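In this note's numbering, the protein residues as written are 129 to 278.
The block underneath contains the structure these notes are about, expressed in structure tokens.
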């Protein structure tokens with residue numbers, strides 16, 4: 129699994145001109161799922177996301193997690209995070225999981241993230257054409273791959 133995490137002051141996802149999810153202070157998490165992903169990837173990534181210390185403390189240092197900052201999460205499925213650009217100029221998405229594998233993992237990811245955050249998260253709709261608007265705060269953008277735990 130791959131995620132791109134952006135600390136935001138506000139964000140929203142719109143589908144067919146209807147706002148599906150909207151947050152103020154928090155994180156936008158773009159999630160890419162591949163066929164080899166499983167429950168251990170979900171548990172590890174969700175734990176990493178909710179405990180990542182990227183929110184400012186009283187001194188302006190990035191010392192607080194989203195749990196401590198009291199922010200929200202907007203989760204967006206994004207198969208293009210597994211794009212391979214090794215050959216040519218047209219990305220290949222062969223590593224991205226097909227919907228029959230990805231959807232159950234995505235749903236489990238939502239449940240796990242909500243449980244670890246201690247409140248509901250906001251989402252788009254898996255496979256939909258989504259418009260994501262956000263104000264990246266900082267900017268702070270971090271990518272994490274559960275297969276490459278640095």
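For every residue, glycine included, the Cβ atom is placed at its ideal position computed from N, Cα and C.
Remember, predicted model here, so these are calculated numbers, not experimental data.
Within the same chain, Cβ atoms closer than 6 Å to the Cβ of residue 241 are found at 174, 249, the five residues on either side in sequence being excluded.
DSSP lists no bridge partner for residue 237. Short of 7 Å from the beta carbon of residue 171, and not among the five residues preceding or following it, lie these beta carbons of its own chain, in chain order: 240. Counting along the chain, residue 150 sits inside no alpha helix (DSSP H); it lies in the beta strand (DSSP E) bounded by residues 146-151. Taking each of 193, 181, 254 in turn and checking the Cα distance to residue 235, the smallest one comes out for 254. The beta carbon of residue 258 sits closer than 6 Å to those of 141, 143, 252, all from its chain and outside the five residues before and after it, given in chain order.
Nearest neighbour of residue 243 by Cα position, chosen from 213, 201, 228, 277, turns out to be 201.
Excluding the 5 residues flanking it on each side, residue 266 has same chain C-beta neighbours closer than 7 Å at 135, in chain order.
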